[in-house]
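Asker:
2 protein chains.
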Amino acid sequence: MAKTATDWATEFREYVRKMLHFEEAINLMYWDLRTGAPKMGVELRSEAIGTLAAEVFAMQTSPQMEEYLNVLSEPGTFETLDPVTQATLREVKKEFDRNRKIPADRFKAYVVLTSQAESVWEEAKHTADFALFRPYLEKIVAMKIEFIGYWGYEGNKYNTLLDQYEPGLTVEQLDGIFGPLREETVKLVQAIVDSGIRPDLRHFRGHYPKDKQRALSLELLRNMGYDFAAGRLDETEHPFQTTINRYDARVTTKFLEDDVRSAISSTVHEGGHALYEQGVSPDLIGTPLCTGASMGIHESQSRFYENMIGRSREYWESHLPVVRRFFPEFEEVSVDEFYRAMNDVSPSLIRIEADEVTYNLHIMIRYELEKALINETLRVADLPGVWREKMREYLGVEPDSDATGVLQDVHWSGGDFGYFPSYSLGNIYAAQFRHQLAKEIPDYMEQVRRGEMLEIKRWLNEKIHRFGKTLTPGEIVRQVTGEDINAKYLIDYLHEKFDPLYHLA
Amino acid sequence: MAKTATDWATEFREYVRKMLHFEEAINLMYWDLRTGAPKMGVELRSEAIGTLAAEVFAMQTSPQMEEYLNVLSEPGTFETLDPVTQATLREVKKEFDRNRKIPADRFKAYVVLTSQAESVWEEAKHTADFALFRPYLEKIVAMKIEFIGYWGYEGNKYNTLLDQYEPGLTVEQLDGIFGPLREETVKLVQAIVDSGIRPDLRHFRGHYPKDKQRALSLELLRNMGYDFAAGRLDETEHPFQTTINRYDARVTTKFLEDDVRSAISSTVHEGGHALYEQGVSPDLIGTPLCTGASMGIHESQSRFYENMIGRSREYWESHLPVVRRFFPEFEEVSVDEFYRAMNDVSPSLIRIEADEVTYNLHIMIRYELEKALINETLRVADLPGVWREKMREYLGVEPDSDATGVLQDVHWSGGDFGYFPSYSLGNIYAAQFRHQLAKEIPDYMEQVRRGEMLEIKRWLNEKIHRFGKTLTPGEIVRQVTGEDINAKYLIDYLHEKFDPLYHLA
Chain A
11 MAKTATDWAT EFREYVRKML HFEEAINLMY WDLRTGAPKM GVELRSEAIG TLAAEVFAMQ
71 TSPQMEEYLN VLSEPGTFET LDPVTQATLR EVKKEFDRNR KIPADRFKAY VVLTSQAESV
131 WEEAKHTADF ALFRPYLEKI VAMKIEFIGY WGYEGNKYNT LLDQYEPGLT VEQLDGIFGP
191 LREETVKLVQ AIVDSGIRPD LRHFRGHYPK DKQRALSLEL LRNMGYDFAA GRLDETEHPF
251 QTTINRYDAR VTTKFLEDDV RSAISSTVHE GGHALYEQGV SPDLIGTPLC TGASMGIHES
311 QSRFYENMIG RSREYWESHL PVVRRFFPEF EEVSVDEFYR AMNDVSPSLI RIEADEVTYN
371 LHIMIRYELE KALINETLRV ADLPGVWREK MREYLGVEPD SDATGVLQDV HWSGGDFGYF
431 PSYSLGNIYA AQFRHQLAKE IPDYMEQVRR GEMLEIKRWL NEKIHRFGKT LTPGEIVRQV
491 TGEDINAKYL IDYLHEKFDP LYHLA
Chain B
11 MAKTATDWAT EFREYVRKML HFEEAINLMY WDLRTGAPKM GVELRSEAIG TLAAEVFAMQ
71 TSPQMEEYLN VLSEPGTFET LDPVTQATLR EVKKEFDRNR KIPADRFKAY VVLTSQAESV
131 WEEAKHTADF ALFRPYLEKI VAMKIEFIGY WGYEGNKYNT LLDQYEPGLT VEQLDGIFGP
191 LREETVKLVQ AIVDSGIRPD LRHFRGHYPK DKQRALSLEL LRNMGYDFAA GRLDETEHPF
251 QTTINRYDAR VTTKFLEDDV RSAISSTVHE GGHALYEQGV SPDLIGTPLC TGASMGIHES
311 QSRFYENMIG RSREYWESHL PVVRRFFPEF EEVSVDEFYR AMNDVSPSLI RIEADEVTYN
371 LHIMIRYELE KALINETLRV ADLPGVWREK MREYLGVEPD SDATGVLQDV HWSGGDFGYF
431 PSYSLGNIYA AQFRHQLAKE IPDYMEQVRR GEMLEIKRWL NEKIHRFGKT LTPGEIVRQV
491 TGEDINAKYL IDYLHEKFDP LYHLA
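Here the protein sequences come in this chain order: A and B. Just so you know, the working numbering puts 459 at position 449 of the first sequence, and the rest follows in order with no gaps. Just so you know, the working numbering puts 114 at position 104 of the second sequence, and the rest follows in order with no gaps.
1) Whose Cβ in chain B lies nearer than 9 Å to the Cβ of M257(A)?
2) Got a sec: which bits of the segment 57-74 of chain A sit with their beta carbon under 9 Å from any beta carbon on chain B, in order along the chain?
3) Work out the CA separation of W161(B) and G235(A) for me, nearest whole Å.
4) With a 10 Å radius around its C-beta and 16 neighbouring C-beta atoms as the bar for buried, classify P190(A) as buried or exposed.
5) Which residue wins for smallest C-alpha separation from K498(A), given the options E193(A), M463(A) and M374(A)?
6) Counting along the chain, where does the beta strand (DSSP E) carrying E366(B) start and finish?
7) Spatial neighbours of D244(A) within its chain, please: C-beta separation below 6 Å, excluding the five flanking residues on both sides.
8) Thinking P385(B) and Y168(B) are a contact (beta carbons under 8 Å), I'd like their distance in whole angstroms, please.
9) Strictly by DSSP, which residues pair up with N255(A)?
10) CA-CA distance, E182(A) and S310(A)?
11) Can the beta-carbon of M352(A) be found closer than 9 Å to that of S434(A)?
12) Any Cβ of chain A within less than 9 Å of the Cβ of H248(B)?
13) Which residues does DSSP list as the beta-bridge partners of D42(A)?
14) Under the rule that 16 or more other beta-carbon atoms within 10 Å means buried, what is K28(A), buried or exposed?
15) Are the segment 15-22 of chain B and the segment 33-47 of chain A in contact at 8 Å, needing three or more beta carbon pairs?
16) I'd like to know whether the C-beta atoms of G478(A) and A303(A) end up nearer to each other than 9 Å.
17) Tell me which residue opens and which closes the beta strand (DSSP E) that E245(A) is part of.
18) For A47(A), I'd like the list of residues in its chain whose CB is within less than 7 Å of its CB, leaving aside the five on either flank, ordered along the chain.
19) How about F537(B): is its C-beta nearer than 9 Å to some C-beta of chain A?
20) For a cutoff of 9 Å on Cβ pairs, would you count H31(A) as touching chain B?
21) Any C-beta of chain A sitting closer than 9 Å to the C-beta of L38(B)?
22) Following the continuous alpha helix (DSSP H) through S140(B), name the residue where it begins and the one where it ends.
23) Could you list which residues in chain A have their beta carbon closer than 7 Å to that of F336(B), in chain order?
24) Assuming M288(A) and A240(A) are in contact, meaning their beta carbons sit under 8 Å apart, how far apart are those beta carbons, in whole angstroms?
25) Residues of chain B with a CB under 7 Å from the CB of K479(A): which are they?
26) What separation, rounded to the nearest whole angstrom, lies between the Cα atoms of L230(A) and T277(A)?
27) Closer than 7 Å by beta-carbon distance: list the chain A residues that pair up with A364(B), in chain order.
28) Touching or not, the segment 139-155 of chain A and the segment 422-442 of chain A, by the rule of three or more beta carbon pairs under 8 Å?
29) With a 10 Å radius around its C-beta and 16 neighbouring C-beta atoms as the bar for buried, classify T14(A) as buried or exposed.
30) I want to verify the contact list: residues of chain B whose CB lies under 8 Å from the CB of F238(A), in sequence order.
31) So, L359(A) versus F348(A), is the Cβ gap smaller than 9 Å?
32) Classify E363(A): buried if its beta carbon has 16 or more other beta carbons within 10 angstroms, exposed otherwise.
33) Assess contact between the segment 316-329 of chain B and the segment 203-214 of chain B, defined as three or more Cβ pairs (one per stretch) separated by less than 8 Å. Is contact present?
34) Please classify L266(A) as buried or exposed, where buried requires at least 16 other C-beta atoms within 10 Å of its C-beta.
35) Can you give me, in chain order, the residues of the segment 97-121 of chain A that have a beta carbon less than 7 Å from any beta carbon in chain B?
36) Quick one: what does DSSP say L266(B) is sitting in, helix, strand or coil?
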């Protein structure tokens with residue numbers, strides 16, 4: 011008896027589900043490596059991850075997968091599938107095409123190159139020696155351009171890379187968004203610097219034991235609505251959120267014993283990511299749609315919580331008392347002082363340490379450089395110089411070494427071009443969502459002032475989270491706000507918040 | 011060009027290594043489930059483990075594997091292989107035969123039955139209702155007998171089950187070993203009960219916070235020579251040791267806040283297992299030989315450390331000061347009192363709470379019942395009654411409910427027949443190894459008295475650990491001690507230790 015479309019669809023869904031089981035194992039193995047796996051076991055662990063990753067790749071690109079995609083994509087069949095299977099098919103096919111279009115030997119060469127490049131980068135950063143990293147980066151850029159040849163592109167070569175992280179977004183759009191944001195931000199930063207105002211940090215230079223910071227972090231997450239029955243908090247060198255499965259969305263944070271603010275921000279940031287993952291519809295379990303819509307939309311959730319909630323005056327009205335329970339020394343500090351300390355704006359060299367205002371300028375520099383490299387209007391050799399120029403132009407500071415300049419981020423060594431813009435897109439989307447939230451729940455910041463955070467979470471669940479990856483970023487933004495991506499709301503928000511903080515006109 | 015024997019061997023080793031990479035993932039997934047994975051994620055996690063386990067099973071029994079085994083086992087080929095590949099082949103073939111001899115549909119039925127039985131057992135134990143569990147246990151026993159039919163057996167049907175945990179051991183041997191041990195132990199227990207002596211536990215009923223117990227446990231492990239660069243300690247409901255890879259041998263323990271002795275014993279016990287795993291020769295990495303020789307030999311290491319070292323007077327001379335650093339209240343307790351409190355012997359109902367002397371009697375009861383069930387000389391329906399009889403006969407106590415009687419252990423619900431004897435074999439082997447250790451390092455207990463534990467570890471590394479699973483239990487015992495398994499040394503040890511403790515003639 012011939013297989014029906016339903017039979018094919020069931021088999022296909024089962025196949026995908028199994029593939030995701032391997033990914034669950036891989037994600038747990040990485041989580042474990044980053045949260046406390048014994049050092050000596052790392053090498054063998056990496057080998058084991060390699061085997062599982064190869065299995066996933068083999069499943070993604072197998073003749074079996076090809077058959078599923080061909081049969082189920084046929085006109086007359088595709089239309090009969092349920093919407094989740096249709097969306098799964100689209101998502102899986104995208105990955106299939108991306109992987110199968112690269113000749114196997116070239117893909118292998120790329121994997122070898124980037125894994126070498128990562129350790130060379132580490133060494134180069136350590137010794138502040140760009141010349142060491144340069145030949146590797148040149149090869150990576152050349153290979154990225156070669157791969158774009160296989161993948162194809164429309165308009166700008168960089169579009170293909172952007173699309174891998176932010177489906178549908180183009181250079182043309184992004185230039186139109188980033189342009190005005192850059193101009194406004196440069197002006198705002200200059201005004202803040204010129205104001206001469208800096209928060210009083212005398213009371214923030216104490217000793218804050220880890221175990222108390224951990225207890226505080228747990229409470230901040232609980233208050234946000236994070237569900238510990240479906241997640242956990244651990245300590246790590248670089249905070250991250252990882253989803254092991256739909257009911258296991260983990261958060262990590264970092265405790266600096268001499269600055270309590272760091273763990274607070276990291277925890278609330280990663281908590282924002284986790285709320286997204288905990289809010290995806292369970293109907294999407296077992297599909298690649300059971301996660302955020304894109305890197306940018308994901309980042310909008312973390313940055314909304316970190317910056318727009320977690321660095322707001324209202325949040326500190328309800329949460330300073332919480333901090334004081336663990337650290338009574340903050341009895342001496344007023345809400346206003348705490349709020350100001352959480353919003354210290356100052357141009358600096360390192361992206362990951364940058365504040366809410368200057369951060370986007372760090373991103374734009376990387377975006378402009380990546381775009382130029384991929385379009386071959388900039389040579390790798392000229393990167394360090396152009397980096398310094400742009401830092402001076404946008405931020406008014408300049409690294410005295412490439413270690414704190416062009417070598418500071420790991421991303422390029424792993425071939426991750428097109429990723430950086432997501433961070434700023436997150437800020438832009440967040441401001442748009444916030445604007446809409448204020449329209450629909452006008453007293454939401456009053457709720458925050460009272461320490462009530464659950465209606466906000468429910469709104470995000472309802473409007474954004476539950477759809478997972480069934481919608482594109484563009485579709486989500488339009489569905490939630492009624493318009494396309496627009497940086498105006500971020501600019502407005504920054505002025506609304508920082509003008510009074512820094513006594514600007 | 012035809013493949014050479016070396017080509018085949020290389021391919022085979024690569025194939026096995028990959029299979030073990032999947033097992034590394036599975037082991038980590040279980041470890042995570044038992045040490046803190048969020049509750050709601052457990053169901054999806056189990057599904058993912060199922061997929062990976064099925065993959066391992068498929069690899070173990072694949073036509074590809076069959077071809078490797080056939081080609082490399084050929085006379086003229088096998089002899090040309092290096093010893094590690096030969097031993098790997100033997101080990102893998104054993105597993106292959108065990109799995110392939112069962113018809114696929116029967117194996118599947120068995121998996122379904124045992125997974126149902128485990129939850130029924132839980133319910134039956136909870137409600138003390140053996141009748142609930144009885145039909146499941148009857149089916150499991152029947153299937154075990156059916157499987158023995160497929161596997162074949164020599165002498166006694168139970169031999170085939172024993173061999174799965176303790177390769178080469180037979181019922182005939184075991185009866186000869188357990189017989190005198192039972193007789194001597196029953197007498198010794200009776201004499202201890204008759205002595206009327208019980209340790210003074212007044213000073214052991216305090217409050218011992220978890221974090222201090224954790225710090226103490228870490229120190230006990232470090233003192234044993236446990237390498238934290240290749241392992242870690244976590245908290246769990248039921249302590250266990252698990253090996254993620256050769257350089258990642260993890261230990262868990264349980265902290266009872268009202269009894270400090272529990273975590274001490276568990277930690278030292280699991281630490282003994284971990285020292286074995288950390289001592290296997292790195293030459294065996296990537297093979298199934300990179301672990302202990304058998305369940306029994308593994309248990310000999312944990313019980314040697316837990317009982318023969320960790321409950322010795324000499325150990326407490328050096329380690330009571332360590333305990334006092336964390337719990338100053340033990341300043342009031344003398345070494346002698348602490349030593350006695352660690353060696354409280356008293357017949358009781360529950361195996362896992364039993365002391366060093368009575369423990370083996372719990373095992374023998376289970377062994378005798380299993381043997382009778384498999385040889386069909388005992389019906390499942392009669393189990394509870396026979397259980398009570400034997401408890402009364404050997405230990406002089408009797409459960410008032412099946413919950414603390416025949417239903418107390420999970421093992422049978424999972425089909426684990428043949429496993430229980432390993433625990434007592436561990437005690438027997440441990441006493442034999444200890445006897446040999448005393449001959450070769452006569453002052454080893456003096457070293458323990460001074461808190462020096464590393465020469466003992468090095469001796470075990472050299473004599474036992476490094477061989478991993480390349481030798482059978484019988485080969486190891488003969489190689490280390492010059493004779494076969496012999497319970498005399500355990501009997502001698504028990505008298506040597508407990509006669510003076512309980513003022514016996």
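By construction, the Cβ of each residue, glycine as well, lies at the ideal position given by its N, Cα and C atoms. Since this is a predicted model, take the numbers as computed values, not measurements.
Answerer: Inspection of the coordinates gives the following:
1) Here residue 257(A) is taken as the residue at index 247 of the first sequence, counted from 1. Correcting the residue identity first, residue 257(A) is Tyr in this sequence and not Met. Residues of chain B passing the Cβ test: P48, K49, M50, G51, V52, E53, L54 and R55.
2) E57, A58, I59, G60, T61, L62, A64 and E65
3) Locating residue 235(A) in the first sequence gives position 225, counting from the first residue. Locating residue 161(B) in the second sequence gives position 151, counting from the first residue. Near 55 Å, if we compare the C-alpha coordinates of W161(B) and G235(A).
4) Taking the first residue of the first sequence as 1, we reach residue 190(A) at position 180. Its Cβ having fewer than 16 others within 10 Å, P190(A) is exposed.
5) The count along the first sequence starts at 1 and reaches residue 498(A) at position 488. When only C-alpha atoms are compared, the closest one is E193(A).
6) Position 356 of the second sequence, counted from the start, is the residue given in the question as residue 366(B). It is not in any beta strand (DSSP E) - E366(B) carries neither H nor E in the DSSP assignment.
7) Locating residue 244(A) in the first sequence gives position 234, counting from the first residue. Excluding positions up to five away in sequence, the list reads T45 and T262.
8) As a first step, residue 385(B) must be located in the second sequence, where it is residue number 375. As a first step, residue 168(B) must be located in the second sequence, where it is residue number 158. Inspection of the sequence shows that residue 385(B) is occupied by Asn rather than by Pro. Right, their Cβ atoms sit about 7 Å apart.
9) Walking along the first sequence from the start, residue 255(A) turns up at place 245. N255(A) is bridged to D258(A).
10) Within the first sequence, residue 182(A) is the residue found at index 172, counting from 1. Within the first sequence, residue 310(A) is the residue found at index 300, counting from 1. Each residue's Cα considered, the two are about 21 Å apart.
11) As a first step, residue 352(A) must be located in the first sequence, where it is residue number 342. As a first step, residue 434(A) must be located in the first sequence, where it is residue number 424. With contacts defined as CB atoms closer than 9 Å, M352(A) and S434(A) fail to qualify as a contacting pair.
12) Along the second sequence, one-based indexing puts residue 248(B) at 238. Judged by the 9 Å Cβ criterion, H248(B) is not in contact with chain A.
13) As a position in the first sequence, residue 42(A) is number 32, starting the count at 1. Its beta-bridge partners do not exist; DSSP assigns none.
14) Taking the first residue of the first sequence as position 1, residue 28(A) is located at position 18. Looking at its Cβ environment, which holds 16 or more other Cβ atoms inside 10 Å, K28(A) is buried.
15) no
16) Locating residue 478(A) in the first sequence gives position 468, where the first residue counts as 1. Locating residue 303(A) in the first sequence gives position 293, where the first residue counts as 1. A contact, by the Cβ cut-off of 9 Å.
17) As a first step, residue 245(A) is located in the first sequence; it is residue number 235 there, counting from the start. Where E245(A) is concerned, the enclosing beta strand (DSSP E) stretches over L243 to E245.
18) Translated into the one-based positions of the first sequence, residue 47(A) becomes position 37. Hits under 7 Å: R55.
19) Residue 537(B) cannot be examined here, being either before or after the span of chain B that is shown, 11 to 515.
20) Here residue 31(A) refers to the residue found at position 21 when the first sequence is read from its first residue. Yes, because at least one Cβ of chain B sits closer than 9 Å to the Cβ of H31(A).
21) For this step, residue 38(B) is matched to residue 28 along the second sequence. Answer yes: the Cβ-Cβ gap between L38(B) and chain A drops below 9 Å somewhere.
22) To locate residue 140(B), count along the second sequence from 1; it is residue 130. What sits at residue 140(B) in the sequence shown is Phe, not Ser. Start and end: F140 to W161.
23) Here residue 336(B) corresponds to residue number 326 of the second sequence, with the count starting at 1. Correct list: empty, because the minimum Cβ distance to chain A is about 17 Å.
24) One-based indexing of the first sequence puts residue 288(A) at position 278. One-based indexing of the first sequence puts residue 240(A) at position 230. Here the sequence assigns Gln to residue 288(A), which means Met is not the residue at that position. Yes, they are in contact, since the Cβ atoms of Q288(A) and A240(A) sit about 6 Å apart, within 8 Å.
25) Numbered from its first residue, the first sequence carries residue 479(A) at position 469. In chain order: nothing, as chain B lies at least about 18 Å away.
26) The residue labelled residue 230(A) in the question sits at position 220 within the first sequence. The residue labelled residue 277(A) in the question sits at position 267 within the first sequence. Answer to the nearest angstrom: the Cα atoms are 8 Å apart.
27) Stepping through the second sequence from its first residue, residue 364(B) is reached at position 354. None at all; the shortest Cβ gap to chain A is about 33 Å.
28) yes
29) Residue numbering aside, residue 14(A) sits at position 4 when the first sequence is read from its first letter. By the 10 Å Cβ count, T14(A) comes out exposed.
30) As a first step, residue 238(A) must be located in the first sequence, where it is residue number 228. Simply P48.
31) By one-based count along the first sequence, residue 359(A) stands at place 349. By one-based count along the first sequence, residue 348(A) stands at place 338. For L359(A) and F348(A), no; Cβs fall outside 9 Å.
32) As a position in the first sequence, residue 363(A) is number 353, starting the count at 1. Result: exposed.
33) no
34) The residue given as residue 266(A) occupies position 256 in the first sequence. Answer is exposed; the Cβ neighbour count stays below 16.
35) none
36) One-based indexing of the second sequence puts residue 266(B) at position 256. DSSP places L266(B) in strand when its eight states are reduced to three.
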